[in-house]
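Data block below; observations after.
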Amino acid sequence: QQQVKQSPQSLIVQKGGISIINCAYENTAFDYFPWYQQFPGKGPALLIAIRPDVSEKKEGRFTISFNKSAKQFSLHIMDSQPGDSATYFCAAGYAGGGADGLTFGKGTHLIIQP
Amino acid sequence: EAEVAQSPRYKITEKSQAVAFWCDPISGHATLYWYRQILGQGPELLVQFQDESVVDDSQLPKDRFSAERLKGVDSTLKIQPAELGDSAMYLCASSPAGRPLGYGYTFGSGTRLTVV
Chain A
118 QQQVKQSPQS
128 LIVQKGGISI
138 INCAYENTAF
148 DYFPWYQQFP
158 GKGPALLIAI
168 RPDVSEKKEG
178 RFTISFNKSA
188 KQFSLHIMDS
198 QPGDSATYFC
208 AAGYAGGGAD
218 GLTFGKGTHL
228 IIQP
Chain B
1309 EAEVAQSPRY
1319 KITEKSQAVA
1329 FWCDPISGHA
1339 TLYWYRQILG
1349 QGPELLVQFQ
1359 DESVVDDSQL
1369 PKDRFSAERL
1379 KGVDSTLKIQ
1389 PAELGDSAMY
1399 LCASSPAGRP
1409 LGYGYTFGSG
1419 TRLTVV
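If you want it as structure tokens, here you go:
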């Protein structure tokens, strides 16, 4: 079964600190790795995504690091703010076309303490 | 900003009853997905449509679940009969055909189903 394993399950970070969430995947055919942010009562929203041809992608305070040989990728949130408190999901799938549904991790509940 | 519309927001139904959820994707989005999210878990794909055709329903429990997108626009997901284990958030998402590079899904806010 295609799985995406995410850790930690929950994370508490002080305001201004760095939040780091890790994911590992099994299927080497995956070529699209997004991170989603979900607030209570809302659907997940795309935060940032990466393809396996690059090792790092940065958008504002959010950075994805990708290690193709280890089949691992991580989300770094720099200068974490209380508004970043949410559940974060990594996912893996195919870049587009055909059956391109995503396989999601189980999520990380992030709390940023003021 | 364009949104994926879902209704109802909440639904409580008794075990063995039928229940239906509705989704209206962003205008022009050819691809529509239904996901199920159990509390404390990540979303799991149930079915993917391209226009009115099913692309992937390998994870859809077809003995009790059905989905349709008759005119290639809005979609309905039905459960009959509902079981206690079906209690979850049902999420609809849409994207342009072929999901251009870098373009993710847009999820709706979901329907929270409670089976009692």
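Chains as they are written, first to last, in my numbering: chain A, 118 to 231; chain B, 1309 to 1424. Even glycine gets a Cβ: it sits at the ideal position worked out from N, Cα and C. Values in this document were obtained by computation on a predicted structure and should not be read as measured data.
Reference Ala1310 (chain B), options B:Leu1368, B:Gly1418, B:Arg1420, B:His1337, closest by Cα: B:His1337
Nearest candidate by alpha-carbon position, reference Asp148 (chain A), set A:Lys185, A:Gly134, A:Gly222: A:Lys185
Per-residue burial, Asp1371 (chain B) [other beta carbons within 10 Å of its own, 16 or more giving buried]: exposed
Chain A contact for Asp1364 (chain B) (CB, 7 Å cutoff): yes
Span separating the alpha-carbon of Asp217 (chain A) from that of Glu176 (chain A): 24 Å
Interface residues of chain A facing Phe1415 (chain B) [CB-CB closer than 9 Å]: Near Phe1415 (chain B) (Cβ distances below 9 Å), the residues of chain A are Tyr153, Gln155, Lys159, Gly160, Pro161, Ala162, Leu163.
Contact set between Lys223 (chain A) and chain B, taken where Cβ atoms lie within less than 9 Å: Gly1348, Gln1349, Gly1350
Boundaries of the beta strand (DSSP E) in which Asp1332 (chain B) is found, first to last residue: 1327-1332
Chain A contacts made by the stretch 1330-1349 of chain B, where a contact means CB separation under 9 Å: Flagged, chain order: Thr1339, Tyr1341, Tyr1343, Gln1345, Gly1348, Gln1349.
Per-residue DSSP class, three states only, for Pro169 (chain A): coil
Contact set between Leu1399 (chain B) and chain A, taken where Cβ atoms lie within less than 7 Å: Gly160
Cβ shell of Gln1359 (chain B) (< 7 Å), same chain only, five flanking positions each side left out: For the record, residue 1359 (chain B) in the displayed sequence is Asp; it is not Gln. Cβ within range, chain order: Ala1338, Gly1380.
Span separating the alpha-carbon of Gly210 (chain A) from that of Gln155 (chain A): 19 Å
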